[in-house]
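Going by this note's numbering, the sequence shown opens with residue 417, and the numbers climb by one from there. Here the structure comes first, spelled out in structure tokens, and everything after it is commentary.
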Amino acid sequence: MIKKTPKKKKSNSKVTVKHEVVELPSNNKEMEDYVLSNRLEINEKILDNIEFALKNKLGGVEMFCFKNSNFVVVLNRRDFKESLQNIYEFSMSNEKFEVCIRVKNLIDLADKFGFIYNYKTKK
């Protein structure tokens, strides 16, 4: 007797995982203090958001919002590499080498998708 394999459920093509936007204080002094004291965690969230955008082929991703405000900072795809480079330099100077490896992998991923995107637009 032949057993039939169970039907696999089709995957949902919509993006179901959300990224986390960093909420910053709206006061400049409080924001500077917050960023200085939480720079490593903020960098991790930025990396998560850029990775989310790259893997889901998004043109940009929301990065920051401000308390008691409707303003949101969006990072466009063309600015991903510059942000990644800044995080890389900060991580190197603070000897966070695990983060450096992750940043380099994301830069490679951005280059890969950038090449595919540029190739398609030139046709």
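Even for Gly, the Cβ is constructed at its ideal location relative to N, Cα and C. Only a predicted model underlies this, so the values are computations on that prediction, with no experimental measurement involved.
With a threshold of 8 Å on Cβ separation, who are the neighbours of residue i within its own chain once the five nearest residues in sequence on each side are excluded?
i	result
residue 477	435, 465, 466, 468, 469, 490 and 491
residue 528	none
residue 473	529
In this structure, how does DSSP classify residue i when only helix, strand and coil are distinguished?
i	result
residue 474	coil
residue 439	strand
residue 486	coil
residue 454	coil
residue 426	Note that residue 426 has pLDDT 46, beneath the 50 cutoff, so the model's placement of it is unreliable and the number below is only indicative. Residue state, collapsed to three classes: coil.
residue 492	strand
residue 419	Annotation note: pLDDT 41 at residue 419 (below 50); position unreliable, coordinate value reported separately. Residue state, collapsed to three classes: coil.
With a Cβ-Cβ cutoff of 8 Å, do residue i and residue j count as a contact?
i	j	result
residue 463	residue 518	yes
residue 440	residue 480	yes
residue 507	residue 516	yes
residue 486	residue 442	no
Contact check, residue i vs residue j under 8 Å by CB: the rounded distance?
i	j	result
residue 459	residue 503	5 Å
residue 461	residue 438	5 Å
In or out: residue i buried (at least 16 other Cβ within 10 Å) or exposed?
i	result
residue 500	buried
For residue i, which residues in the same chain have their Cβ closer than 7 Å to its Cβ, ignoring the five residues on either side in sequence?
i	result
residue 482	440 and 442
residue 450	440 and 441
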